[in-house]
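One structure below.
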Ligand code: 3PY
Ligand code: MG
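In the working numbering, the protein residues as written are 49 to 312.
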C-alpha cells in the first residue's frame, strides 16, 4: 500500500507545502500535480466542485505522485465519508469551533476504535494502490485529518479542540479569522488580536503534538511562517497564481490596472 508522505513529514516535525485547486478543472489538477508541490487540496467549500469532480481529481493527483487532499464543504459525516471513500488522502474541515465539533470530525474520518467511519467504496484502496482489507487495516495511519481554526470561538477553545485524539494538524484560515475579529479579510496583518490568536494556536498545537498550519499569499510569507514553526502551509491557489501572474503582465505592459477577482 502507498503511504502518505505529507502525514509522515508532519509527524517528523517538517514543513509540507501545497496549494489549493479552486477551478474544479481536472486538466488543471493534472498539470498542477506535476509542479512539485507536496499536496493539492480540491476546494469544495467555496467552489462549484461536485463530488464527482473531486473523486476524479483525487485519482489524477495520486497517479501523478502527488498527495490529493480536499476541503469539505462543511463538517458533516456525509461530506467526510464520501471524499475519503472516493480516494482522498486527507481532509481539511472548515470552521471547527469546539471540542464536540472536532470529535465529530474524528468520528467520521477514522475507522474504529479511534472513530466510527463506516466501510465502503473502491477508490480509497485504488488510490493507495492496495486492496480493501489492507486499506481498512492501514487507513487510520495514512489519512491526514486537518481541522481549521478560523474564528474567535475556535481560538478561545483551542486547547479543548487540539487535545482531541485522532487529528494531525490545525490549519488557520486567516481571512475568516480576520473577519471574525471584525476587520476586513486578509492573509496577514499587524492586528494584535490576529497575531495573538496565531501565537496561541501555535503554542497549543506544539503542546498537543498537532502540526500547525496556515494559508498564505505567496512564497515569501510561506518562508516566514516556516521559520516561525508553522508546518502545513498552503500558498494561494492555482487560480490565485494564474491571475496574479496575468495581472502583473497586464500591468507591466501598461494595459490596465491588473485588478483580479481572486482572494486565494
Ligand atoms: C480563510 O482564510 O478563511 C481560509 O479558509 C483559507 O483557506
Ligand atoms: Mg475560511
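Note that the Cβ used here is the ideal one computed from N, Cα and C, for glycine as well. Every value quoted in this text rests on a predicted model; they were computed, and no experiment measured them.
Exposure label - residue i; buried when at least 16 CB within 10 Å
i	result
residue 165	buried
residue 257	exposed
residue 296	exposed
residue 138	buried
residue 145	buried
residue 161	exposed
residue 60	exposed
residue 218	buried
residue 259	buried
residue 275	exposed
residue 134	buried
residue 247	exposed
residue 55	buried
For residue j and residue i, believed in contact at Cβ under 8 Å, the rounded distance
i	j	result
residue 263	residue 220	7 Å
residue 233	residue 227	5 Å
residue 58	residue 269	About 19 Å separates the two Cβ atoms, so there is no contact after all.
residue 131	residue 120	6 Å
residue 176	residue 190	7 Å
residue 158	residue 188	5 Å
residue 152	residue 123	6 Å
residue 214	residue 163	6 Å
Contact check, residue i vs residue j, beta carbons under 8 Å
i	j	result
residue 128	residue 196	no
residue 237	residue 210	no
residue 225	residue 198	yes
residue 150	residue 212	yes
residue 85	residue 66	yes
residue 103	residue 117	no
residue 90	residue 71	no
residue 249	residue 63	no
residue 216	residue 194	yes
residue 267	residue 283	yes
residue 183	residue 80	no
residue 223	residue 235	yes
Contact test: residue i Cβ vs the ligand COA heavy atom, cutoff 7 Å
i	result
residue 263	This structure lacks the ligand COA; the ligands present are the ligand 3PY and the ligand MG.
So, do the stretch 106-114 and the stretch 149-168 have three or more beta carbon pairs nearer to each other than 8 Å? no
Taking 8 Å as the threshold, find out whether the stretch 91-98 comes into contact with the stretch 288-307 through three or more Cβ pairs. no
Would you call the stretch 284-298 and the stretch 58-78 touching, i.e. three or more CB-CB distances under 8 Å? yes
Distance cut 5 Å, beta-carbon to the ligand MG heavy atom: residue list by chain order: 198, 221 and 224
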